[in-house]
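The block underneath contains the structure these notes are about, expressed in structure tokens.
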Amino acid sequence: MCKMEDVVDNSVNGTPPPAPPLPCAQPKRVLVKSKGISSYKDQCSVSTATTDLYDRLFDEAYRADVVVHTDDGGQIYAHANILGMTSPVIRHLVKESKGKNRRRSITIRGVPHDAVRVFIRFLYSSCYNPEDMEEYILHLLVLSHVYVVPHLKRECEVQLENGLLNIENSVDIFQLALLCDAPRLSLICHRMILDNFKAVSATDGWNAMKEAHPILEREILATVAEADRRQRVLCRKRKEKEMYVQLYEAMEALVHICRDGCKTIGPHDKALKEDEHPCGYTACKGLEQLVRHFAACKLRVPGGCAQCKRMWQLFELHSRLCIDSEACRVPLCRKKARAMVDTGATHNFITKREANRLGLRVVHSGGRMKAVNSEAQPTCGVAKNVNTRIGEWSGGLDFTVATMDDFELVLGMDSCTPARLFRCPT
Ligand SMILES: [Zn+2]
Ligand SMILES: [Zn+2]
Ligand SMILES: [Zn+2]
Numbered sequence: 001m002c003k004m005e006d007v008v009d010n011s012v013n014g015t016p017p018p019a020p021p022l023p024c025a026q027p028k029r030v031l032v033k034s035k036g037i038s039s040y041k042d043q044c045s046v047s048t049a050t051t052d053l054y055d056r057l058f059d060e061a062y063r064a065d066v067v068v069h070t071d072d073g074g075q076i077y078a079h080a081n082i083l084g085m086t087s088p089v090i091r092h093l094v095k096e097s098k099g100k101n102r103r104r105s106i107t108i109r110g111v112p113h114d115a116v117r118v119f120i121r122f123l124y125s126s127c128y129n130p131e132d133m134e135e136y137i138l139h140l141l142v143l144s145h146v147y148v149v150p151h152l153k154r155e156c157e158v159q160l161e162n163g164l165l166n167i168e169n170s171v172d173i174f175q176l177a178l179l180c181d182a183p184r185l186s187l188i189c190h191r192m193i194l195d196n197f198k199a200v201s202a203t204d205g206w207n208a209m210k211e212a213h214p215i216l217e218r219e220i221l222a223t224v225a226e227a228d229r230r231q232r233v234l235c236r237k238r239k240e241k242e243m244y245v246q247l248y249e250a251m252e253a254l255v256h257i258c259r260d261g262c263k264t265i266g267p268h269d270k271a272l273k274e275d276e277h278p279c280g281y282t283a284c285k286g287l288e289q290l291v292r293h294f295a296a297c298k299l300r301v302p303g304g305c306a307q308c309k310r311m312w313q314l315f316e317l318h319s320r321l322c323i324d325s326e327a328c329r330v331p332l333c334r335k336k337a338r339a340m341v342d343t344g345a346t347h348n349f350i351t352k353r354e355a356n357r358l359g360l361r362v363v364h365s366g367g368r369m370k371a372v373n374s375e376a377q378p379t380c381g382v383a384k385n386v387n388t389r390i391g392e393w394s395g396g397l398d399f400t401v402a403t404m405d406d407f408e409l410v411l412g413m414d415s416c417t418p419a420r421l422f423r424c425p426t
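Quick note, the sequence shown lines up with residues 1 to 426 if you use full-length UniProt numbering.
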């Protein structure tokens, strides 16, 4: 014991008083506190002395007035008051029972004697040994359901959810949960069976269930098939979403490259800096390579090269989605042009104004152009390899930039082969 002088001395020295000694080691027990009892109970902490008292009352059977008969001739002595207060079913059984010398007798069969003992002890002190719970949890679940002991039933469900449920016993517990009206537990078991169907279907529990309850087996198999179907749909939707995200990022990067330029690639009128910091567009690097390929590829026709085909698709998709095509600098973005097809012309021609509108890159060529009934005039240059689509044909064409009075665009003989203007079955 701590003396008054010690306390005074300690406070003077500023050191805390020594900690009280640790309690004696007690056997490991789990106490279950039930919810929903009146408010004064919520504030009450049940001491081990109280639970020990009820355990002793059960163990010593002091003035016990009920004997519970179990399998193999086992007997458990108990008190009618306690059994009756914790289980309405046992209260009724005791009331209906007959006995000798004022000692009533009831019977609990179909489960091992030790499981009944753990059950009755729980009715006294709401306590159990974890090892007992692990060994008899299925019996306790059944007993708690049959004799209507909700706090034990809840405790069994919690223990199963928190580790005692496994692939090996999942089918047995699933069937018990259905019989014992434990919807949450049956749902958890069902989910475990679906998630690990291959392993579960190889267990003894599954084979026994197949024999005893073929209808239940069919129902589970149907849910497994449905779960598979849902998983496939989910997978497909995820892939579609990924594809949409990739396309969206590619669209953004395309606009960014054509508008701002990025490192080594961009519009003609932008000064590009190779040592610029990386931009925030995730698809920019991949698109940069694609654009480089597209600029250099000799085929550059839909179907001619997979990469070029992809580039065309991107241009086309952008063109369909673009909301400001007038200000947009992406090539082919709804920049349609009306052309005069002149089978007498040797080249393709375009006015300077139209070339500017379409954003074409014009290089000096030094050539001259001669129209009918007029003097030959120097041309303004040439726009080479312009991505052009005529009907279903698309490819690169050269346009001579010249002054023309009547038309903005003239397609000459070379460009207007039937194969380019019409679909010609061979
Ligand atoms: Zn970029
Ligand atoms: Zn290509
Ligand atoms: Zn656009």
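Every residue, glycine too, gets a C-beta built ideally from N, C-alpha and C.
What you are looking at is a predicted structure, and each value in this text was computed from that prediction instead of being measured.
- Phe-349 has Thr-400, Val-410 as its beta-bridge partners, per DSSP.
- Between Ile-76 and the set Glu-60, Ser-87, Met-85, Thr-86, the nearest pair of CA atoms involves Glu-60.
- As for any alpha helix (DSSP H) of minimum length 4 sitting wholly inside the region 217-289, there is none.
- Within the chosen limit of 7 Å, ligand 3 does not reach the beta carbon of His-190 with any heavy atom.
- Bounds of the beta strand (DSSP E) holding Tyr-77 are 75-78.
- Sequence-distant Cβ neighbours of Ile-137 in its own chain, meaning closer than 7 Å and more than five residues away, are Cys-156, Gln-159, Leu-160, Leu-164.
- For the pair Tyr-124 and Tyr-62, the CB atoms are not nearer than the 8 Å cut-off.
- Taking one beta carbon from each stretch, the region 274-286 and the region 349-368 have fewer than 3 pairs nearer than 8 Å; the two do not touch.
- Partner residues in the beta bridge of Pro-378, as assigned by DSSP, are Arg-368.
- Around the Cβ of Ala-402, a 10 Å sphere holds 16 or more other Cβ atoms; the residue is buried.
- Closest option to Ile-167, judged by alpha-carbon separation, among Leu-178, Met-404, Asp-204, Glu-135: Asp-204.
- Under the 10 Å beta carbon count, Val-245 is surrounded by fewer than 16 other beta carbons and is classified as exposed.
- Proximity to ligand 1 was defined by a C-beta distance below 6 Å to any of its heavy atoms, and the residues meeting it, in sequence along the chain, are His-256, Cys-262, Cys-279, Tyr-281, Cys-284.
- Ligand 3 never approaches Val-291 closely enough for any of its heavy atoms to be under 7 Å from the residue's Cβ.
- Per the coordinates, the alpha-carbon of Val-382 lies some 14 Å from the alpha-carbon of Leu-358.
- Cβ neighbours of Thr-400 within its own chain (closer than 6 Å, five residues either side excluded): His-347, Phe-349, Thr-379, Val-382.
- Between the region 176-185 and the region 140-148, the count of Cβ pairs shorter than 8 Å is three or higher; the stretches touch.
- Closest option to Gln-289, judged by alpha-carbon separation, among Glu-276, Leu-299, Asp-275, Cys-308: Cys-308.
- Taking 7 Å as the cut-off, the C-beta of Cys-297 counts as close to a heavy atom of ligand 2.
- For Ile-106, the enclosing beta strand (DSSP E) stretches over residues 103-107.
- Shown here, Asn-166 sits in coil according to DSSP, grouped into three states, outside any helix or strand.
- Distance from Val-94 to Leu-83 at the Cβ level is roughly 6 Å; contact confirmed, criterion being Cβ atoms closer than 8 Å.
- Pro-331 and Glu-240 have their C-alpha atoms spaced approximately 27 Å apart.
- Only buried fits Ile-193, as 16 or more other CB atoms lie within 10 angstroms of its CB.
- Here DSSP, grouped into helix, strand and coil, assigns Ile-323 to coil.
- A distance criterion of 7 Å places the beta-carbon of Gln-246 beyond contact range of ligand 2, judged by its closest non-hydrogen atom.
- Per DSSP, reduced to three states, the secondary structure at Lys-198 is helical.
- One alpha carbon belongs to Leu-187, the other to Arg-102, and they sit about 46 Å apart.
- Judged by DSSP in its simplified three-state form, Ala-296 adopts helix.
- Bridge pairing for Ala-383: Phe-399 [DSSP].
- Contact between Ile-120 and Phe-58 is confirmed by a C-beta separation of about 7 Å, below the 8 Å threshold.
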